[in-house]
Amino acid sequence: MIMAINLLPRDYQKDLRRERARRLIVVCGSAVFLSIVANMILISPLWLLFALQERELGRELEAIKKSPAFADVSDVES
Numbered sequence: 001m002i003m004a005i006n007l008l009p010r011d012y013q014k015d016l017r018r019e020r021a022r023r024l025i026v027v028c029g030s031a032v033f034l035s036i037v038a039n040m041i042l043i044s045p046l047w048l049l050f051a052l053q054e055r056e057l058g059r060e061l062e063a064i065k066k067s068p069a070f071a072d073v074s075d076v077e078s
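Under this note's numbering, the residue at position 65 of the sequence shown is numbered 65, and the numbers go up by one with no gaps.
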């Protein structure tokens, strides 16, 4: 077992502990931020495709509602 003796004064030891904690917080915060940004970048193409598909389905629905065949069916249901 290796014995280590810290020869720094207590105030410097406290400062070193605080600095270590600050660096850990910065590293963890950066990791979380970068993972969120990476997920946004990776998910944005899917979101775009779903938005375009939803718009196209809306157009198709409007076209079907305007068609004469749909009018005949809605007359029968009424």
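Glycine residues also receive a C-beta, built at the ideal position from the N, C-alpha and C atoms.
Pro9, DSSP secondary structure in three states: Coil at Pro9, not helix or strand.
I need the straight-line Cα distance from Ala51 to Pro45, nearest angstrom please. If I take the Cα positions, the gap works out to 10 Å.
Spatial neighbours of Ala31 within its chain, please: C-beta separation below 7 Å, excluding the five flanking residues on both sides. Apart from sequence neighbours up to five positions away, no residue of its chain approaches Ala31 with a beta-carbon distance below 7 Å.
Quick check: the Cα distance between Arg55 and Lys66, rounded to an integer number of angstroms? Their backbone Cα atoms lie some 17 Å apart in a straight line.
So what does DSSP say about Ala31, is it helix, strand or coil? For Ala31, the secondary structure class from DSSP, reduced to helix, strand or coil, is helix.
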